[in-house]
Every structure is written in structure tokens, then in C-alpha cells.
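Only one structure is covered here, and it is reproduced in the block below.
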Amino acid sequence: MITINHLSMTFHNTTILDDISLTVTKGEVVAIIGSSGAGKSTLLRCINRLERPERGELRIDGQSFDLARLTQRQLVHLRQNTAMVFQQFSLFQRRTVLENVMEGLMVVKKYSREKAKQMALEQLRKVGLIERADYYPKQLSGGQQQRVGIARALAMEPQVLLLDEPTSALDPELVAEVQDVIKRAAVEGNTMILVSHEMDFVRQVATRVLFLEKGKIIENGSTQQVFEHPKHERTKAFLARYYQRYEPEYVI
Ligand SMILES: Nc1ncnc2c1ncn2[C@@H]1O[C@H](COP(=O)(O)OP(=O)(O)OP(=O)(O)O)[C@@H](O)[C@H]1O
Ligand SMILES: [Mg+2]
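The working numbering applies: residue 604 is where the sequence shown begins, and numbers increase by one.
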């Protein structure tokens with residue numbers, strides 16, 4: 604279980620995250636939706652402290668972290684328990700697929716090379732890329748690269764997997780293979796927080812949906828409730844706009 608309490612972040616006097624509190628229980632897939640600039644990426648980036656908020660407590664794995672003030676040891680511990688999948692894959696270009704997945708296991712988890720290799724191969728098998736273990740990222744399609752990104756994150760066995768628009772940089776025909784890998788990881792019980800603009804995917808994979816606007820969670824409910832009976836006018840308007848644009852025949 605992971606809990607966030609009173610997370611706030613400002614930048615140049617602009618509030619980007621406004622007193623966010625949130626609990627994600629084991630096995631939940633929580634999707635964060637909302638307009639561009641709402642603060643979705645910043646929220647994920649604060650959780651594993653790629654960004655430092657002014658205020659906020661994170662409880663994970665029975666430990667409490669003050670996100671505004673972490674010791675080096677706490678930062679390492681936090682990163683061991685969270686793993687991020689980035690929109691732009693962010694693989695090491697000069698390392699092979701296998702080395703990319705092994706890196707965190709050796710550097711962050713301090714596993715032996717042999718153990719890291721076994722674990723990395725196991726994850727690559729799960730995402731269907733074991734045959735590509737010795738390739739370099741450039742030699743793979745975008746979809747394959749993102750599957751490596753997911754394998755790398757899952758190999759860390761994080762308490763929570765953070766995914767920031769994992770398919771939005773992909774050509775449309777490559778989206779499904781990456782979504783399938785994420786769905787499988789969800790079915791296997793991985794706890795996830797997913798930022799996505801793809802509402803059909805969110806409906807399929809999420810157990811709960813948060814609607815974020817101007818740095819505030821204004822709606823938080825089961826996937827079915829949020830999509831079928833959104834409580835907040837802003838959520839209704841957002842979903843209506845989305846479905847008008849992409850699926851004009853859809854009626855809420
Ligand atoms: N490093 C930064 N420096 C200054 N402003 C930032 C920084 N990161 C984010 N912001 C601002 O914070 C707000 C939230 O940005 P964020 O990237 O979290 O939004 P988002 O919901 O992920 O949007 P999108 O859907 O476009 O990815 C925006 O107004 C953005 O301009
Ligand atoms: Mg974003």
C-alpha cells in the first residue's frame with residue numbers, strides 16, 4: 604500500500620500540486636486523467652522524487668518519507684520501491700536491452716551480475732523480447748523499446764509502478780502491444796499509478812480513476828463510477844470532449 608499525504612508543489616509562485624492526498628492499495632491500478640498542464644506528470648515525478656515538492660508525506664512499505672526532505676539513504680530506499688516508465692522510454696542507448704534491464708538491479712538493488720541477469724531475462728521473456736536481449740535500443744521499434752522500459756521497471760519489483768503516458772509517443776499500430784504488456788502486469792497483481800490520455804485503455808485496465816485539475820484531485824472513484832456517473836461537472840465536460848473528438852457516437 605502507498606499513501607500520499609498533503610503533497611503540494613509550487614513553481615515560481617504558481618501552484619502545480621495543491622494538497623494532494625491519496626491511498627493506493629496493493630494490486631490497485633489507479634489512473635490519473637485530466638487536461639494538459641493539470642499536474643499529472645508532476646504528481647508521478649514527486650512520488651519517486653524526480654521532482655521535489657515543498658510539502659508531502661509518502662508512506663510506502665511501512666515507512667514514512669518526508670518528500671520535501673529526504674536523506675540520501677531514504678532516496679535510495681524510495682527509488683527501490685517505486686519504478687517509473689517514461690513516455691520517451693529513456694533507455695540507455697549505449698547499452699543492450701539486457702544491460703538496460705540489469706542496470707537498476709545491480710546499481711540500486713545491489714544484486715550480483717548473475718542474479719541480475721537471471722531476473723532481467725525473466726522479465727524480457729514476459730514482455731516477449733528475450734530474443735532481442737543483445738540488441739541496442741536503436742535496433743528496436745518504439746513499441747519494443749517501451750516494452751523494455753516496462754521490463755526494466757518491473758524487474759525492480761517495485762511496491763508501485765508509475766507510468767506516465769507510456770504509449771503516447773508510439774505510432775498507432777504499436778500502441779496495442781504495449782497496452783497488452785501493461786494489462787498483463789495488472790492482471791499479475793502489480794500495483795500501478797498510470798497517467799493516460801487513452802480513455803478506452805483506462806477503462807480496461809484501471810480499477811480506480813482520479814481526475815486532476817489545476818493540481819487538485821476533484822474526482823476519485825471506481826472506473827465504472829467515474830466513466831458512467833461522473834460526479835463533477837469538470838469530469839463530465841472532460842469526458843464528453845474526449846468522446847466527441849475520438850468517438851462521436853459515444854454518449855455519456
Ligand atoms: N520543471 C518545471 N518548471 C516549470 N514549470 C513546470 C515544470 N514542470 C511542470 N511545470 C508546470 O506545471 C504544470 C503541470 O505540468 P505537468 O507536466 O505536470 O502537467 P500534465 O498534467 O502532465 O500535462 P500533459 O497532459 O500535457 O502531460 C504546468 O503548468 C507546467 O507548465
Ligand atoms: Mg504529463
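Beta carbons are placed, not taken as given, at the ideal position from N, Cα and C, and that holds for glycine.
Check, Outcome
"What does a CB cutoff of less than 6 Å around alanine 772 pick up in its chain, not counting 5 residues either side in sequence?", "Gln690 and Gln691"
"Taking 8 Å as the limit between beta carbons, can you name the residues of its chain near asparagine 651, skipping five residues before and five after?", "Leu681, Arg682, Thr685, Ala686, Met687 and Leu765"
"Enumerate in chain order the residues of its own chain whose CB-to-CB distance from alanine 754 is below 6 Å, with the five nearest sequence positions on each side excluded.", "Val704, Gln726, Leu727 and Val730"
"Looking at the secondary structure, which residues open and close the alpha helix (DSSP H) in which lysine 718 lies?", "716–729"
"Can leucine 694 and valine 751 be called in contact, C-beta distance under 9 Å?", "yes"
"If we count the other Cβ atoms within 10 Å of its Cβ and call it buried at 16 or more, is leucine 678 buried or exposed?", "exposed"
"Heavy atom of ligand 2 less than 8 Å from the Cβ of glutamate 768, yes or no?", "yes"
"What do you reckon, is the C-beta of valine 798 under 8 Å from a heavy atom of ligand 2?", "yes"
"Would you say the beta carbon of lysine 643 comes nearer than 8 Å to a heavy atom of ligand 2?", "yes"
"If the criterion is Cβ atoms closer than 9 Å, does the pair glycine 630 and glycine 792 meet it?", "yes"
"At 3 residues or longer, what runs of the beta strand (DSSP E) sit wholly inside the segment 738–816?", "763–767, 795–798 and 811–816"
"By Cβ distance, which residues of its chain are closer than 6 Å to threonine 838, with the 5 residues on each side in sequence left out?", "Phe814 and Glu822"
"For asparagine 823, write down the residues that DSSP places opposite it in a beta bridge.", "Leu813"
"Taking one C-beta from the segment 607–627 and one from the segment 652–662 each time, how about it: are there three or more such pairs within less than 8 Å?", "yes"
"In angstroms, rounded to a whole number, what distance separates the CA positions of serine 644 and glutamine 847?", "25 Å"
"For serine 715, is the classification buried or exposed, using 16 other Cβ atoms within 10 angstroms of its Cβ as the cut-off for buried?", "exposed"
"Return helix, strand or coil for phenylalanine 695, following the three-state DSSP convention.", "coil"
"DSSP puts glutamine 683 in a beta bridge; with which residues?", "Paired residue(s): none; glutamine 683 is not in a bridge."
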